[in-house]
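**Student:**
Protein chains: 2
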Amino acid sequence: MIEFEDLVIKDEGDAREYNVEQIRDKIIWGDALRVLKKIPDETFDLVFVDPPYFLQLPNKKLVRWSGTIVDGVNDEWDKFRSFEEYDNFTRSWLKEVKRVMKPKATVWVIGTYHNIHRVGKIMQDMGFWILNDVIWIKTNPVPNFLGVRFTNATETLIWATKDKKVKGYTFNKEYAKEFGIGKVGANIWVLPICGGKERLRDKSGKKVHSTQKPLELLKRVILTTTKEGDMILDPMAGTGTTGVAAKALKRHYVMIEINETYVKAMVERLITPIRLTTSNFSYSYQKRIQQYLKLNEVK
Amino acid sequence: MIEFEDLVIKDEGDAREYNVEQIRDKIIWGDALRVLKKIPDETFDLVFVDPPYFLQLPNKKLVRWSGTIVDGVNDEWDKFRSFEEYDNFTRSWLKEVKRVMKPKATVWVIGTYHNIHRVGKIMQDMGFWILNDVIWIKTNPVPNFLGVRFTNATETLIWATKDKKVKGYTFNKEYAKEFGIGKVGANIWVLPICGGKERLRDKSGKKVHSTQKPLELLKRVILTTTKEGDMILDPMAGTGTTGVAAKALKRHYVMIEINETYVKAMVERLITPIRLTTSNFSYSYQKRIQQYLKLNEVK
DNA sequence: CAAAGTCCTGAATCATATG
DNA sequence: ACATATGATTCAGGACTTT
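Written out as structure tokens, the structure is:
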């Protein structure tokens with residue numbers, strides 16, 4: 000039986016460097032930046048980053064007509080004092096990410112309009128070369144019930160190499176065509192927000208993580224842009240969707256996370272067998288997505 | 000009969016300021032920045048900007064199977080020496096745009112991953128408050144022939160106020176629901192690239208403008224975020240889609256454009272009567288779009 | 001005249017090899 | 001570094017031609 004200790008390395012304050020064998024298929028419990036600095040150069044084939052979105056939500060509750068309260072993101076890890084502080088944080092982790100990427104590796108970063116433009120510009124300024132934006136269309140977004148904006152139903156993923164000159168990165172176009180709307184393998188993915196049985200909840204029914212990413216999303220990232228056996232890094236792993244998907248798809252992972260609750264949740268997920276099929280969707284989700292995919296058949 | 004002189008003001012080098020009556024429903028033929036500086040504060044209810052995308056295309060030809068060559072963007076106006084030069088240009092026009100916006104006005108900027116993140120971050124840094132990203136899904140994008148990336152089928156529009164504190168901007172949610180995918184009025188618009196009879200061509204059949212925007216796009220922008228009689232500015236008007244749509248929808252426009260060929264094309268379009276209905280789409284477009292909208296009915 | 005087939009093209013950061 | 005040659009690669013829509 001696999002135990003917590005088999006999967007988790009607690010990062011201690013000393014300065015030694017990790018070696019690749021030691022951290023393969025492990026969760027490193029510690030601060031992302033501090034841990035990243037101890038990882039050797041050119042270790043990973045793929046990096047997936049889901050940084051704080053810096054939502055800048057007002058510190059008041061948003062109440063629905065029904066009287067219930069919108070359970071938005073109000074976590075300490077999403078608090079920054081200013082754009083400048085957010086940008087400095089972003090540059091810091093991007094610098095380390097770039098260093099630990101193999102020469103032909105690619106990196107994904109996910110965000111919304113609150114932060115993605117800041118991240119994207121900083122990436123370009125640091126020499127990353129954007130290959131695509133991929134638009135995730137959420138089939139079940141939170142509606143804008145005040146009717147003062149468009150309902151924000153999308154997130155944006157930036158996919159990039161570490162440098163303009165990189166050739167020969169991994170791109171599996173068969174999967175790109177399978178996932179994207181239309182025949183062309185477009186940069187548009189339609190899938191629901193993480194919910195149902197996949198969504199981790201504590202005993203009181205509260206969400207363990209406010210922004211848990213769906214397995215289907217990471218499945219698509221991994222299948223389109225890695226090969227079996229590749230090393231994948233997620234330096235802000237949250238509840239570990241990246242590692243769970245990587246394991247199921249026969250890739251190696253390294254996940255970094257500082258929050259103890261999240262680390263424990265991740266371990267639970269990793270020792271629970273899953274199969275990564277569309278059955279990870281509920282039936283109604285599948286039906287909805289089929290509607291989108293029917294577009295392929297329009298003449 | 001309406002003549003060129005009735006519609007066009009040629010911007011001369013002198014320093015006098017334009018007044019609102021003088022420029023209403025006019026094309027100002029001159030440099031965007033120089034002209035903008037002569038426009039009074041708080042003149043417009045809406046600004047739409049389609050800046051150069053800074054595509055940084057390689058200096059080599061992309062040849063198709065058939066032997067034809069992809070006629071990509073190779074215009075002087077899309078050339079910048081560096082990100083820094085592009086950013087300085089962006090900041091310059093954004094500063095003037097902010098000044099000529101009425102207090103409750105909003106601004107739209109369109110771009111692709113090549114430039115939109117730079118523009119978006121700069122807007123945030125200058126105090127603009129992003130209300131939404133709107134994703135334009137192009138039904139007929141240029142495929143990625145070589146299969147090394149996702150086909151880039153989207154453009155991104157940023158919609159913002161000039162300041163975080165702005166309340167009471169115009170948002171017509173009925174139209175937002177009509178245009179966006181799903182019942183919720185999502186931030187996703189599906190429409191084709193400008194082509195067919197709408198696409199302006201010279202006598203030899205060559206595109207007048209390499210990136211002419213579809214009328215349907217501007218129709219949506221105008222109907223969702225302005226009222227009848229509003230003043231709309233397009234400071235880089237190209238072949239004038241903004242003005243044509245504004246006129247048809249009973250809004251006032253001011254368009255700035257420096258290129259003589261484009262100005263002449265604009266005048267032609269403005270004196271040609273049009274009706275702005277969905278018949279601007281061909282039937283097959285409509286069918287395709289209906290397929291997307293069927294999602295409304297999914298339970 | 002309608003239907004089917006051919007050809008061209010669209011905001012594209014699209015490959016590799018050789019000189 | 002840049003330019004040129006060669007080769008494997010693509011979908012939707014519109015214009016035009018053939019059946």
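Quick note, the sequences are listed as chains G and A, same order.
Last residue of the first sequence: 298 (my numbering), numbering continuous.
Last residue of the second sequence: 298 (my numbering), numbering continuous.
Here a beta-carbon is modelled for each residue, glycine too, at the ideal position from N, C-alpha and C.
#1: For residue 210 of chain G, tell me which candidate among G:238, G:152 and G:91 has the shortest Cα-Cα distance.
#2: Are there 16 or more other CB atoms within 10 angstroms of the CB of residue 122 of chain A, so buried, or fewer, so exposed?
#3: Okay, do the segment 63-79 of chain A and the segment 13-22 of chain A touch, 3+ Cβ pairs below 8 angstroms being the bar?
#4: Taking the Cβ atom as the reference point for each residue, do residue 253 of chain A and residue 232 of chain A lie within a distance shorter than 8 angstroms?
#5: Comparing the CB of residue 0 of chain A with every heavy atom of the ligand SAM, is any distance shorter than 7 angstroms?
#6: Are the CB atoms of residue 105 of chain A and residue 230 of chain A within a distance shorter than 8 angstroms?
#7: Let me know if residue 28 of chain A comes out buried or exposed under the rule of 16 or more other beta-carbons within 10 Å of its beta-carbon.
#8: Counting only beta-carbon separations shorter than 8 angstroms, does residue 150 of chain A have a partner in chain G?
#9: Touching or not, the segment 139-156 of chain G and the segment 169-182 of chain G, by the rule of three or more beta carbon pairs under 8 angstroms?
#10: Of all the residues that make up the segment 116-131 of chain G, which are near chain A by a beta-carbon distance shorter than 9 angstroms?
#11: Any chance you could list the alpha helix (DSSP H) runs of at least 4 consecutive residues sitting entirely within the segment 214-254 of chain G, in chain order?
#12: With DSSP collapsed to three states, give me the class of residue 99 of chain A.
#13: Taking the alpha carbon of residue 256 of chain A as the point to measure from, which residue in A:91, A:39 and A:242 has its own alpha carbon closest?
#14: Name, in chain order, the residues that DSSP records as bridge partners for residue 9 of chain A.
#15: In three-state terms, what does DSSP make of residue 92 of chain G?
#16: Note down, in chain order, all residues in the segment 184-206 of chain G with a beta-carbon under 9 angstroms from any beta-carbon belonging to chain A.
#17: Since I believe residue 98 of chain G is in contact with residue 40 of chain G (beta carbons under 8 angstroms), could you give me their beta-carbon distance rounded to a whole number of angstroms?
#18: Would you call the segment 22-37 of chain A and the segment 79-95 of chain A in contact, with 3 or more CB pairs under 8 angstroms?
#19: Output the distance between the C-alpha atoms of residue 204 of chain G and residue 113 of chain A, rounded to the nearest integer angstrom.
#20: Restricting to Cα atoms, I'd like to know which of A:163, A:175 and A:141 is closest to residue 192 of chain A.
#21: Which value, in whole angstroms, describes the spacing of the CA atoms of residue 72 of chain G and residue 54 of chain G?
#22: Taking just the CA atoms, how far does residue 86 of chain A sit from residue 52 of chain A?
#23: Is residue 218 of chain G buried or exposed, if buried means 16 or more other CB atoms sit within 10 Å of its CB?
#24: Does the beta carbon of residue 134 of chain G come closer than 8 angstroms to any beta carbon on chain A?
#25: Residue 297 of chain G by DSSP, collapsed to three states: which one?
#26: Put residue 152 of chain A into one of helix, strand or coil per three-state DSSP.
#27: Could you list which residues in chain G have their beta carbon closer than 8 angstroms to that of residue 85 of chain A, in chain order?
#28: Only counting the same chain, and skipping five residues up and downstream in sequence, which positions put a Cβ closer than 6 angstroms to that of residue 301 of chain A?
#29: Please state if the CB of residue 107 of chain A and the CB of residue 47 of chain A are separated by a distance shorter than 8 angstroms.
#30: Consult DSSP for residue 106 of chain A and reduce its assignment to one of helix, strand or coil.
#31: Entirely within the segment 131-209 of chain G and at least 4 residues each: give me those alpha helix (DSSP H) ranges in chain order.
#32: Assuming the contact rule is C-beta atoms closer than 8 angstroms, residue 116 of chain G and residue 126 of chain A should be a hit. Round their C-beta distance to whole Å, please.
#33: Among the candidates G:13, G:32, G:146 and G:8, whose CA atom is the shortest distance from the CA of residue 22 of chain G?
#34: Quick one, which of A:32, A:12, A:166 and A:13 has its alpha-carbon nearest residue 91 of chain A's?
#35: Against chain G, does residue 175 of chain A count as a neighbour if the rule is that its beta carbon must be under 8 angstroms from one of theirs?
#36: By the three-class DSSP mapping on this structure, what secondary structure does residue 44 of chain A have?
**Tutor:** According to the structure data:
#1: G:238
#2: buried
#3: no
#4: yes
#5: Absent from the structure shown: the ligand SAM. Ligands present: none.
#6: no
#7: buried
#8: yes
#9: no
#10: 116, 117, 118, 119, 120, 121, 122, 123, 124, 129, 130 and 131
#11: 214-224 and 240-247
#12: helix
#13: A:242
#14: A:28
#15: helix
#16: 184, 185, 186 and 187
#17: 6 angstroms
#18: yes
#19: 43 angstroms
#20: A:141
#21: 8 angstroms
#22: 11 angstroms
#23: buried
#24: yes
#25: Note on residue 297 of chain G: pLDDT 32, under 50, position unreliable in the model; no value is reported.
#26: coil
#27: Result: empty, since nearest Cβ-Cβ is about 10 angstroms, beyond 8 angstroms.
#28: Absent from the model: residue 301 of chain A. The displayed extent of chain A is 0 to 298, so no value can be given.
#29: yes
#30: strand
#31: 172-178
#32: So it is not a contact: roughly 14 angstroms between Cβ atoms.
#33: G:8
#34: A:32
#35: yes
#36: strand
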